[in-house]
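Respectively, the protein sequence lines represent chains E and S. Quick note, the numbering used here runs 2 ahead of the 1-based positions in the first sequence. Quick note, the numbering used here runs 446 ahead of the 1-based positions in the second sequence. Everything below concerns the one structure shown next.
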Amino acid sequence: MSKDMNSQAGGAAKEGKIIGGYLVPNKPHALLAPEKSPGWQSLHDSYAKVREEIEASDADLLILFSTRWVSIIGHQIQADPTPEYWVVDEDFHELGTMHYKLRMNPEFAETYQQCATERGLHARTVAYHGFPIDVGSIAALQLLNPDNRIPACIVSCNVYSDRAETLVLGKAALDAVKKSGRKAIVVGVSALSNRMFTEFIDPASDHIHSLKDDEWNRKLLELLEAGRLEDVSQLSREFSRQANGDSKLKAIWWMAAAMGQNNDYRGTVFDYQAVWGTGAALVGLVPSPGAGGGLEYDEDDSNYFHGDRNVIATAAKADKTDKKS
Amino acid sequence: MRGCLAPHPPHLAYASNPPQNEPKSSGAGAWTALLEGYESLRKSLEDGDFDVIIVHTPHWKTRRGHHLLGVEHFEGLSVDPIFPNLFRFNFDLQVDVELAEAIHAEGEKQGLVMSMMRNPEFRVDYGTITSCYLAQPDFKLPIVAISSARSYFDYSNEVGEREMLALGEATRIAVEKTGRRALLLASCSLSHRHFTEEPADPEDPEFEYIYNANQAKWDRHILDLIESGRNRQILDEMPDFIEQSVSECKDGSFTWLLGAMEVPELPGKVHGYGTVIGTGNAVVEWRLDEQAVQA
Ligand SMILES: [Fe+2]
């Protein structure tokens, strides 16, 4: 049993809760080269406002879901207490090296792993020297929590997971927060529209790749500003089809599930800019009972993940067994 | 020039237990067919007398065209973010920057977006390292590493195919102009649907089989085409192969290789075929130099 769970054993500790959520961009430009583009500079400046809001809260844990850390074997959770290394963005290497020294909460990572497992997910913690923390998470943490005052936890984005699995992963995050007694802020590291310019552009002229993507982004932000996170979650498939959503907007699915699947938030759009054609937004959501009213949609909901239902694979396995016998 | 399909599951480097890799494997034998395939390939390459290895890697993903390593020496620790339990490899390799720049120049002439990667702190991706290690464990030859542009993903398989054939052509011209004797490695799997769980011992052979029967049939079909030298037909079917078997060929490496070899009517020698967490992998060699001598 982890220390976090032990702290609950006496029954005296209070149940943890999620006190807010933020959506932040998945690219490091606002950190590495704000001066190159008015939009990136604006994002850089707006991060400061988000940082102030987080500092004013009594949050003692940041939980990040990043579309830039993909996984294949289930869900990976960063558990190195002090990851310290460097990475270079594989595409934007000309922007320089990101040296980082971060602070994770390994006890919470263990709790999250256990809660995910209890909900049927395959999950593991990772803690290796030299592990390349993804550029989206590094940028978010260095801009939102530069002195590492608040410990963090990062969970990966499985390439094969769909809505049901991602919702369950979000619910497991809430389970873990409750058990840990923490006051947590969840952070989705993700672009909105993710169509990029596929050539070298003048950063000063950066803009959303198409008017259509821009309009979709603005529609989504309008809903988020109204606090309608669950509606946005249920609109994510359509958005992704229409506007090249980043990783199906799994970050939104995860956030909405972790934050209770409702529309009752006070939403703030701190900024919305283009980063190499993609939609980069800074959005804050603070629980505010009764704010958003009823739900617009009625998508399926899952509480437990039953795994891939792969009937053809079963046939292949049987075939292998046949050949052996 | 000689060309190979040289897949890069980090599992194969892990199972080989080289001193450079921190985790140690149990030797339980899940990937023996592929390890033997690579052993056979290495023997076959001994007569090659190459100056350089050129590798096209799916695990350096760039959306702004095709990038090449442009620094002469890289060393460091490469930790695979997906399988960090298996691959934490201390690499030390030399780059043939002159050839990389020549490919860059020829690529631009083909109308491709090209870029040289000049940041010396860049961590070379595990696809490049694994394929190069398995083909040449002592890393004696310098390498050229080419990233995987995302044209298949950002546009379509057909667009991606055209770009990779052009990049292959650019690579061939650059090799000829610089007078190099080059070994080309297409660092990709065939069918590429993974299991999303891993057994306690990742090398447990009981766990290892192809993801499903559809994937197995596609792989078998592609191997038949390879062995009968019907490489043009592979290209004809590539967009469908990619979609229907979730193939890693969507990262372009195989088509780049076929393009660089001018789509020869030459059978490839299949040194080995096997699965790694459900994906299909073949180690294949096209001995173009031999064909040239015979002609
Ligand atoms: Fe791969």
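Idealized CB from N, CA, C, for every residue including glycine.
Identify the contact partners of VAL89/E in chain S, using a Cβ-Cβ distance below 8 angstroms as the criterion. Under the 8 angstroms cutoff, chain S gives ARG569.
Could you name the residues of the same chain whose beta carbon sits closer than 6 angstroms to that of SER192/E, not counting the 5 residues immediately before and after it, in chain order? ASN28, THR69, ASP248 and ALA253
Output the boundary residues of the alpha helix (DSSP H) element that contains TRP255/E. 252–260
CA nearest to the CA of SER462/S, picked from ALA479/S, VAL501/S and CYS450/S: Among ALA479/S, VAL501/S and CYS450/S, the Cα nearest to that of SER462/S belongs to ALA479/S.
Kindly list, in the order they appear in chain S, the residues whose Cβ is closer than 8 angstroms to that of THR84/E. The premise fails here: THR84/E is roughly 16 angstroms from chain S at the closest Cβ pair, so nothing lies under 8 angstroms.
Can you tell me whether DSSP reads LEU297/E as helix, strand or coil? coil
Pick from PHE241/E, VAL52/E, PHE94/E and LEU64/E that is closest to ALA35/E, judged by C-alpha positions: Closest option to ALA35/E, judged by alpha-carbon separation, among PHE241/E, VAL52/E, PHE94/E and LEU64/E: PHE94/E.
Apart from the five residues on each side of it in sequence, which residues of its chain come closer than 8 angstroms, Cβ to Cβ, to ALA166/E? ASP302, SER304 and PHE307
Can you check the segment 207–241 of chain E for any beta strand (DSSP E) of at least 3 residues that lies completely inside it and give the ranges in chain order? Here no run is fully enclosed.
Can you check whether the CB of ARG639/S is closer than 7 angstroms to the CB of TYR657/S? Their beta carbons are under 7 angstroms apart, which means TYR657/S touches ARG639/S by this criterion.
Note down, in chain order, every chain E residue with its Cβ under 9 angstroms from the Cβ of GLY511/S. THR200, GLU201 and PHE202
Spatial distance of SER471/S from TYR484/S (CA atoms): 18 angstroms
For ILE47/E, is the classification buried or exposed, using 16 other Cβ atoms within 10 angstroms of its Cβ as the cut-off for buried? Residue 47/E is actually Asp in this sequence, not Ile. Exposed is the call here.
Distance cutoff 7 angstroms, beta carbons only. Does THR701/S sit that close to anything in chain E? no
Taking just the CA atoms, how far does ASP735/S sit from ARG626/S? Pairing ARG626/S with ASP735/S, the inter-Cα distance amounts to about 13 angstroms.
Got a sec: is the Cβ-Cβ distance from HIS211/E to anything in chain S below 7 angstroms? no
ASP665/S and SER637/S: beta carbons closer than 7 angstroms? yes
Distance between SER195/E and THR99/E (C-alpha atoms, nearest Å): 26 angstroms
Contained beta strand (DSSP E) runs [length at least 3] in the segment 84–118 of chain E, N- to C-terminal order: 86–90 and 99–103
Can you pull the chain E neighbours of HIS640/S, defined as C-beta to C-beta under 9 angstroms? The answer, in chain order, is ILE74, ILE75, VAL161 and TYR162.
Identify each residue in the segment 655–669 of chain S for which the Cβ-Cβ distance to at least one residue of chain E is less than 7 angstroms, and report them in chain order. TYR655, ILE656, TYR657, ASN658, ALA659, ASN660 and ALA662
Interface flag, ASP93/E vs chain S, CB-CB below 7 angstroms: yes
Confirm the yes/no value for this check: CB of PRO504/S, any heavy atom of ligand 1, distance under 6 angstroms. yes
Name, please, each residue of chain E whose Cβ falls closer than 9 angstroms to the Cβ of MET563/S. VAL90, GLU92, HIS95 and GLU96
What ranges does the beta strand (DSSP E) occupy inside the segment 166–212 of chain E, keeping only unbroken runs of at least 3 residues that lie completely in it? 185–191
Under a Cβ-count criterion, where at least 16 other Cβ atoms within 10 Å of its own Cβ denotes burial, should GLY296/E be classed as buried or exposed? exposed
Within the same chain, show all residues whose beta-carbon is closer than 7 angstroms to that of MET560/S, passing over the 5 residues directly before and after it, in chain order. GLY511, HIS512, HIS550, GLY553 and GLU554
Going by Cα to Cα distance, which pick from GLY309/E, LEU231/E, TRP278/E and ILE74/E is closest to LEU287/E? LEU231/E
For the beta strand (DSSP E) that contains VAL498/S, what are its first and last residues? 498–508
When TYR274/E, CYS117/E, ILE135/E and HIS124/E are compared against ARG569/S, the one with the closest alpha-carbon: Ranking TYR274/E, CYS117/E, ILE135/E and HIS124/E by Cα distance to ARG569/S puts ILE135/E first.
Of all Cβ atoms in chain S, is any one closer than 7 angstroms to the Cβ of VAL128/E? True, the Cβ-Cβ gap to chain S drops below 7 angstroms.
Can you tell which of ASP216/E, ILE140/E, THR84/E and SER163/E has its C-alpha closest to the C-alpha of LEU123/E? That would be SER163/E, whose Cα lies nearest to the Cα of LEU123/E.
By a C-beta neighbour count over all protein chains shown, 10 Å radius and 16 as the cutoff for buried, is VAL157/E buried or exposed? Residue burial is scored here from C-beta neighbours: VAL157/E has at least 16 other C-beta atoms within 10 angstroms and is therefore classed as buried.
Check whether the Cβ of PHE67/E lies closer than 7 angstroms to any Cβ atom in chain S. no
Can you tell me which of HIS502/S, PRO645/S and PRO469/S puts its alpha carbon nearest to the alpha carbon of PRO530/S? PRO469/S
Would TRP506/S and GLY720/S qualify as a contact pair, given that the criterion is a beta-carbon distance under 7 angstroms? No; because the gap between Cβ atoms is not below 7 angstroms, this pair is not in contact.
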